[in-house]
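Numbering-wise, my numbering comes out as the position in the sequence shown, counting from 1, plus 876.
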Amino acid sequence: MAKIQLGEFEEIVLLTVAVLYDEAYGVAIKREIEERLNRSVSVGALQSALRRMETKGFLESRLGEATKVRGGKRKRFFTVTPYGKQALTQARDARLQLWQAIPQVGWESI
């Protein structure tokens, strides 16, 4: 299995899309990251990451229905692809391996 590289922000965005499931659109993703991680997210950075990950095949998107509340504008909803899930699984496993490799004595000196 080829190693898939994810940046930290990409990993956070992918995980958040998975958490939100059918309600993963720009504003909801931004809000969820800010609330859960107490981390400020710019709209531009998020939109760039979403487009980049869709191009890489980690995400798919679809347009929702137009609503009067949004002035007829449609939301773009995102879902994690099987390739995106594979990338997240590899990232989780790599982090877990590192955590498990820390010797107990390493924690005792801290």
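Glycine is no exception: its CB is placed at the ideal position from the N, C-alpha and C atoms.
- [ ] Determine the closest residue to residue 959 out of 984, 931 and 981, with distance taken between C-alpha atoms.
- [x] Translated into positions along the sequence shown, residue 959 becomes position 83. Answer by Cα proximity: 931.
Task: alpha helix (DSSP H) segments (min. 4 residues) lying fully within the region 891–950 - done: Within the region 891–950, the runs of alpha helix (DSSP H) that reach at least 4 residues and sit entirely inside it are, in chain order, 902–913 and 919–932.
Open item on the list: If the criterion is Cβ atoms closer than 8 Å, does the pair residue 888 and residue 909 meet it?
Closed with: Sequence index remark: in the sequence shown, residue 888 carries index 12 (1-based). Sequence index remark: in the sequence shown, residue 909 carries index 33 (1-based). A distance below 8 Å separates the beta carbons of residue 888 and residue 909.
Task: Cβ-based burial, residue 925 [other Cβ within 10 Å; buried from 16] - done: Taking the sequence shown and counting its residues from 1, the one referred to as residue 925 is at position 49. Residue 925 should be labelled buried.
TODO: Measure the alpha-carbon distance for residue 976 versus residue 917 and round it to whole angstroms.
DONE: For the purposes of this step, residue 976 is identified with residue 100 of the sequence shown, where counting begins at 1. For the purposes of this step, residue 917 is identified with residue 41 of the sequence shown, where counting begins at 1. So the alpha carbons of these two residues sit roughly 31 Å apart.
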